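Residue numbers for the sequence shown follow our numbering, so the first one is 96 and each next one is one higher.
All remarks here apply to the structure that follows.
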Amino acid sequence: MVRLPLTPEEVERGQRLGALLRHARGDRSMLHTALDARVSPETLRKIESGRVATPAFSTIAAIADVLGLSLDAVWAEINRAEINKAEVDRPVRAIEPTDPRRHAPERLAS
């Protein structure tokens, strides 16, 4: 199976992932972090440097667990720039006049 080249967005996401993991690791050694996550130190080094932009889910889950990161936090952080870009690129919709009765509270029959 031939793997397609990564898009610029995937490369950027991989770089953000690596930066997040490096930051979360702090002063903890790469060797101990990798061994605790049951991945090779070389794999962790490649992920942290952005050379592996799309690592396996199980690898990221194991590293995140060792570093005390939730997968939700990891996902939010690595997709942050894409979300911001989508908000900027979203077309602005004009506000349409509405029928004032539409938003009036409904009266319940007693």
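Using N, Cα and C, we set each Cβ at its ideal position, and we do this for glycine too.
Source: prediction; values computed, not measured.
Segment limits, alpha helix (DSSP H) that includes V169: L166 to I173 is the extent of the alpha helix (DSSP H) around V169.
Neighbourhood of P150 by C-beta distance below 7 Å, restricted to the same chain and skipping five residues each side: Cβ neighbours of P150 beyond the five flanking positions: I142.
Beta-carbon spacing of A114, A132 below 7 Å: no
Proximity winner among A159, P103 and V134, relative to R117 (alpha-carbon distances): A159
A209 to S124 span [Cα, whole Å]: Not covered by the structure: residue 209. The range shown for the chain is 96 to 205.
DSSP-derived helix/strand/coil call for S145: The amino acid at residue 145 is misidentified as Ser; the sequence shows Gly. In this structure, G145 counts as coil in the three-state DSSP scheme.
Rounded C-alpha distance that separates V169 from V106: 16 Å
Assigned secondary structure, G113 (DSSP; H/G/I helix, E/B strand, else coil): helix
Contact check, I173 vs L130, beta carbons under 7 Å: no
Helix, strand or coil at S153 [DSSP, three-state]: helix
Spatial neighbours of T128 in its chain, beta-carbon cut-off 8 Å, leaving aside the 5 residues before and after: R120, L139, I158, V161 and L162
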